[in-house]
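Same order as they appear, the protein sequences are chains A and B. Throughout the first sequence, residue numbering follows our numbering, covering 248 to 857 in sequence. Throughout the second sequence, residue numbering follows our numbering, covering 248 to 857 in sequence. Below you'll find the structure, written out as structure tokens, and then a few comments.
Protein chains: 2
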Amino acid sequence: MLEGLGSPASSRAAASTSVAGSLGPAACPPPSPSAPRSPESPVPRRGGVRASVPQKLAETLSSQYGLIVFVAGLLLLLAWAVHAAGVGKSDLLCFLTALMLLQLLWMLWYVGRSSAHRRLFRLKDTHAGAGWLRGSITLFAVITIILGCLKIGYFIGFSECLSATEGVFPVMHAVHTLLQVYFLWGHAKDIIQSFKTLERFGVIHSVFTNLLLWANGVLNESKHQLNEHKERLITLGFGNITTVLDDHTPQCNCTPPTLCTAISHGIYYLYPFNIEYQILASTMLYVLWKNIGRKVDSHQHQKMQFKSDGVTVGAVLGLTALAATIAVVVVYLIHIGRSKTKSESALIMFYLYAITLLMLMGAAGLAGIRIYRIEEKSLDESKNPARKLDSDLLVGTASGSWLISWGSILAILCAEDHPRYTWYNLPYSILVMAEKYIQNLFIIESIHREPEKLSEDIRTLRVVTVCNGKPVASSCLKSGGVAGDVAPRGRDMPPAAKGNVCMREDCGKEEEKQEESSWGGSPSPVRLPRFLQGNAKRKVLRNIAAFLFLCNISLWIPPAFGCRPEYDNGLEEIVFGFEPWIIVVNLAMPFSIFYRMHAAASLFEVYCNI
Amino acid sequence: MLEGLGSPASSRAAASTSVAGSLGPAACPPPSPSAPRSPESPVPRRGGVRASVPQKLAETLSSQYGLIVFVAGLLLLLAWAVHAAGVGKSDLLCFLTALMLLQLLWMLWYVGRSSAHRRLFRLKDTHAGAGWLRGSITLFAVITIILGCLKIGYFIGFSECLSATEGVFPVMHAVHTLLQVYFLWGHAKDIIQSFKTLERFGVIHSVFTNLLLWANGVLNESKHQLNEHKERLITLGFGNITTVLDDHTPQCNCTPPTLCTAISHGIYYLYPFNIEYQILASTMLYVLWKNIGRKVDSHQHQKMQFKSDGVTVGAVLGLTALAATIAVVVVYLIHIGRSKTKSESALIMFYLYAITLLMLMGAAGLAGIRIYRIEEKSLDESKNPARKLDSDLLVGTASGSWLISWGSILAILCAEDHPRYTWYNLPYSILVMAEKYIQNLFIIESIHREPEKLSEDIRTLRVVTVCNGKPVASSCLKSGGVAGDVAPRGRDMPPAAKGNVCMREDCGKEEEKQEESSWGGSPSPVRLPRFLQGNAKRKVLRNIAAFLFLCNISLWIPPAFGCRPEYDNGLEEIVFGFEPWIIVVNLAMPFSIFYRMHAAASLFEVYCNI
């Protein structure tokens, strides 16, 4: 930490207390790493740099700026979506281009400054910007750049009748994507400690720029899906529903025509990846923003490892689900909208497939939670912006699909006549809700469990404490049972007397067995069934995580690539009316799609940490 | 704290560390109250009660339940709003009645249990459920009960053609309101430490029940406002806009007719208060939910005092604004929609009034922030759910009105022809954004400033630290300047040598002067201008807070009682289209209205704390 910037009153007072203590006649033990000092003590605020603004105020200043920019962008998007008089697509693209340009300049400044003043950027948040996250963002960024190239091709083809902004935007977007990925690789873990106000503005600007690009992608994708849906309705001969196509095709001819058609089709298959890229980038930037001025403890996050051994069952089941999904989506997209019977059979097939998959996923999630409940272990509740965001996003975005599910349930309950296929929608909707509920519980508990290493440290510390002050031995032992089951290896122990186990503070692995044995002797509240102990338990959990990971990838595919029974089912549109239901689906669906990708990402992390 | 329930590993380890330390040959100083131990150390989780679920998991379990109930309710509201086939008002009211009944039963259980087991409910969060909050909730609850009586009267009048649920609902609502106010008076400060899972479910159920009742109130109010707006448009002869009234009037005659008309008019004047009641109740319950299982430090919040001396300027200016507002609203409501010229003059009058008021408010806010910036003082950044919710709500709900303001700005910039009165809308919209931005900064900084008492304690502690360990004296003194300006009374001090001021730890008020003097001698980075020192500074800030408080009340009145230029202006409806703009306004307006009431409440608290 940069002492020159000054540290807050309380933390400085404490620092001096401990120094004073250690200088006294008999030094008391130095503060242990697991003492209840919050890892997030208040940050440096004033002192040396007189003009700086308090932490909380800088946060509010920048978050309000970000929100104002964001609502302005949302309104432009709305204006374009509803064909507002006088507001065209070029205004929207100008605005987005300007935002990206501003972000580019800021990122260049930041990167330049951070390489010039290396010493200012020593602190890192080891939980932020994990390797797999940067890997997946790179993958999606590559596809986003390909999308940009296609858009440039599209612009060249239609250059006669498109405004220049439609050409500038994809070029700018590609440059922005390139630099942003470079930025995130190098700086996603930074904990910014200097010039915080300016940097807060830059980061929050980047967060909301990416969110607006996400919203723009979502809107393009929704318009496309809606048009496809309306075309299907026209084919099926529905006359009672408004079927005006919301067409944004340019009013001139493209040369060569076949290439143009291929490009405009290709664009819509790449949008889902662009959408994921933007939202991932904005979450990473948000964590960077939350970390500004934060003070972290020195405890380092243990490195995640990807081990693929022993997860055959989970992987095979998951890959089967993935293959089945692709098959179902292809069949669905071929059959839907061709004729009434074909549409119905496609819907029934989809529902049966989804019901089976969701039941399996729910059962796997329940099994995981059950294992956690049997093996009681303390949760790590220290402050961690990356993890808090993960949990909040899981619950928040699940609400999107809960809204759609309730809509379907209500429609089934209230509709006057029920074609046979609509009944499959009822268990499907209920299972969608239940599965997300269970899966969120599983993931949130998983990401809050302390890594094995840490709890061993705590245990070691406790034993040391027992040695120093005998009167507290009994209370320590009582609580010791809590950690006693953490790593149940080596049960054949010498009978160490309770409260007499003494160790040096730097006791290594050799002494662990002995230590464990003393805990083993204490009245431990629970015992795992033998088949669920140690490695076996870990293997089961990893199989569950692997299976759920692949299933979430599977369930991401159908809505992202146009297999949306919420549109094609028809019942909800009859009950709620076409427009209201379309608005509900278009608002909730992006969150529902994002949920799947985000859950998959979280499960990957869970898998690596088990 | 209930030790029997077990405390988490880390805090227990720490406790034993300090005990061990004090038993050593030479005791080190006991942990001081302002040492950087987080006031929010992890909470008790397991141990004694084996079946309990970890804190984080219980939170997720209950929040997901709450969200599912909430989206179900939202969907029923939507179904009613869009006249969905087969879903009537009675279904919605049934659902709401069932939710209220469930909450009633839970509250009765909780109240009964807490009086039976008093010892379980000793811990209180002194920041939650402040006196003024309970006072205002009681006031709004009384009006809500009157509203309930009017609704019962309405039901009796139209009893021939209304379903029984329309009679049951207001009765249930009145009972629910009564018991909930009683519950909040008695238990809003509780920090629940036992049976947490069940209690979490109860509290979160109550939160979302109140939010749904709020949404129901908002929807009723919006429908009414929209109908009034459409009637005005019909009067003005606008034919190009869809003007189908969304009429929910029963299909039979009411006896006696005049009474019925009076009642149905009266209902709509009381709705704004009902809406505020529901949202206030849900925020209080939300804080109760966030506090479950929390561990607070023993430091007690200082009692707020309402002192009315020395705020004449602020109060007079504020009351003038309030009187002007009422006059403007009355004139506006009489003139608007009568004829084109009368409407335009009403709009111009409103804009001129609002521009003046907003400029004054912005200036007052800036002055307040400026005073805070001159007098640098550390902010209290300890964890405090009530305060965090306040800040988040201020920024979050302000976004609602930023959305509307951007809409107006965009409409003005993009419209083809501009009647004269629309130009007033531009500065008005910009000022609405700027004023909320500034005011939020002022309020958030105010509620985060440490009360005078606390910082004195910290200063005292620091001096003690300086005595104990001389090597840290200089760093302490350097930081001492920070707190040195806190209470600048008694500048005529004996020249105490730096680093030699020694005091007993329980030093009382007598020694404070001497202590201050030593800080006074240290190189303090800033000095307040003399007219802004001590009481004078406090008086200026209190005048600002009083003025802003009354102004926010003033600005709450126009939109709450139907003076909504966003509807009547007409320009936005032309640019965005009637329906999209009405949807934007109806979604954003409730937050904008709530913002004013919430800002007023926060400013009242700020006023009492200065």
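Beta carbons: idealized from backbone N, C-alpha and C, even for Gly.
Original post:
Under three-state DSSP, which class holds A:K436?
Top reply: Note: A:K436 maps to coil in three-state DSSP.
**OP:** List the residues of chain A whose Cβ lies closer than 7 angstroms to the Cβ of B:M680, in chain order.
**Re:** I315
Subject >> Within 8 angstroms of chain B by C-beta, residues of the segment 642 to 655 of chain A in sequence order >> reply: V642, A645, S646, W649, L650, W653, G654
**OP:** Answer yes or no: do B:G313 and B:I451 have a C-beta to C-beta separation smaller than 8 angstroms?
**Re:** yes
**OP:** Give a yes or no on whether 8 angstroms exceeds the smallest Cβ distance from A:P827 to chain B.
**Re:** yes
Subject >> Through-space distance from A:G335 to A:T412, alpha-carbon basis >> reply: Answer to the nearest angstrom: the Cα atoms are 11 angstroms apart.
**OP:** Entirely within the segment 668 to 697 of chain B and at least 4 residues each: give me those alpha helix (DSSP H) ranges in chain order.
**Re:** Taken in chain order, the complete alpha helix (DSSP H) segments of 4 or more residues contained in the segment 668 to 697 of chain B are 669 to 695.
Original post:
Between B:L613 and B:W379, what straight-line distance do the alpha-carbon atoms span, to the nearest angstrom?
Top reply: Answer to the nearest angstrom: the Cα atoms are 26 angstroms apart.
**OP:** In the DSSP assignment, find the alpha helix (DSSP H) that holds B:S625 and state where it starts and stops.
**Re:** Here B:S625 belongs to no alpha helix (DSSP H), and DSSP marks it neither H nor E.
**OP:** Return yes when the Cβ of B:G647 is within less than 8 angstroms of the Cβ of A:V329, no when it is not.
**Re:** no
Original post:
By Cβ distance, which residues of its chain are closer than 7 angstroms to B:S511, with the 5 residues on each side in sequence left out?
Top reply: Y401
Original post:
How big is the Cα-Cα spacing for B:V575 and B:Y600?
Top reply: 8 angstroms
Original post:
Leaving out the 5 sequence neighbours to the left and right, which residues in its chain are closer than 7 angstroms to B:Y533 when beta-carbon positions are compared?
Top reply: Answer for B:Y533: V454, L636, listed in chain order.
**OP:** Pair every Cβ in the segment 808 to 824 of chain B with every Cβ in the segment 661 to 672 of chain B, then say whether three or more of these pairs are closer than 8 angstroms.
**Re:** Between the segment 808 to 824 of chain B and the segment 661 to 672 of chain B, the count of C-beta pairs closer than 8 angstroms reaches three or more; the two stretches touch.
Original post:
In chain order, what residues of the same chain lie with their CB nearer than 6 angstroms to the CB of B:K436, ignoring the 5 residues before and after it?
Top reply: Cβ neighbours of B:K436 beyond the five flanking positions: K371, D372, A375, G376.
Original post:
Thinking C-alpha only, which one of B:G449, B:R617, B:K589, B:H845 is nearest B:W353?
Top reply: B:G449
Original post:
So is A:I691 in contact with chain B if we call contact Cβ pairs under 8 angstroms?
Top reply: yes
**OP:** Quick one: list the residues of chain A neighbouring B:V329, beta-carbon separation under 7 angstroms, in chain order.
**Re:** F823, G824, P827
Subject >> C-beta neighbour in chain A for B:H229, strict 8 angstroms >> reply: Chain B is shown only over 248 to 857; residue 229 of chain B falls outside these bounds and no answer can be derived.
Original post:
Looking at the C-beta of A:P301, does it have a partner C-beta in chain B at a distance below 8 angstroms?
Top reply: Taking Cβ atoms only, chain B reaches closer than 8 angstroms to A:P301, which makes this a yes.
**OP:** Give a yes or no on whether the minimum CB-CB distance between A:S310 and chain B is below 8 angstroms.
**Re:** yes
Subject >> Contacts that A:G359 makes with chain B (C-beta to C-beta distance below 8 angstroms) >> reply: Here the premise fails: no neighbours, minimum Cβ distance about 30 angstroms.
Original post:
Hey, is A:Y684's beta-carbon within less than 8 angstroms of any beta-carbon in chain B?
Top reply: yes
Original post:
Closer than 8 angstroms, CB to CB, is B:E413 near chain C or not?
Top reply: Given the protein chain composition of this structure (A and B), no chain C is represented.
Original post:
By a C-beta neighbour count over all protein chains shown, 10 Å radius and 16 as the cutoff for buried, is A:W356 buried or exposed?
Top reply: When all chains shown are included, A:W356 counts as exposed.
Original post:
So is B:K303 buried or exposed if we call it buried at 16+ other beta carbons inside 10 Å?
Top reply: buried
Original post:
Of all Cβ atoms in chain A, is any one closer than 8 angstroms to the Cβ of B:L445?
Top reply: At a cut-off of 8 angstroms between C-beta atoms, B:L445 does not count as an interface residue with respect to chain A.
Subject >> Opening and closing residue of the alpha helix (DSSP H) in which B:V563 lies >> reply: Counting along the chain, B:V563 sits inside the alpha helix (DSSP H) bounded by residues 559 to 582.
Original post:
Would A:P504 count as contacting chain B if we go by Cβ distances under 8 angstroms?
Top reply: no
**OP:** At 8 angstroms on the CB atoms, spell out the chain A contacts of B:V334, in chain order.
**Re:** Listed along chain A, the residues sitting closer than 8 angstroms to B:V334 by beta-carbon distance are L657, C661, V822.
Original post:
Any C-beta of chain B sitting closer than 8 angstroms to the C-beta of A:N856?
Top reply: No, because no Cβ of chain B sits closer than 8 angstroms to the Cβ of A:N856.
Original post:
Between the C-alpha atoms of A:R447 and A:I526, what's the straight-line distance to the nearest angstrom?
Top reply: Distance from the CA of A:R447 to the CA of A:I526, rounded to the nearest whole angstrom, comes to 19 angstroms.
Subject >> Min CB distance B:A421 to chain A below 8 angstroms >> reply: no
Original post:
Listing by chain order, which chain A residues have their CB less than 7 angstroms from the CB of B:L322?
Top reply: L650, W653, G654, L657
**OP:** Pick helix, strand or coil for A:K542, following the three-state DSSP scheme.
**Re:** coil
Subject >> Contact list for B:L688 against chain A, beta-carbon separation under 7 angstroms >> reply: Those are L304, T307, L308, listed as they occur along chain A.
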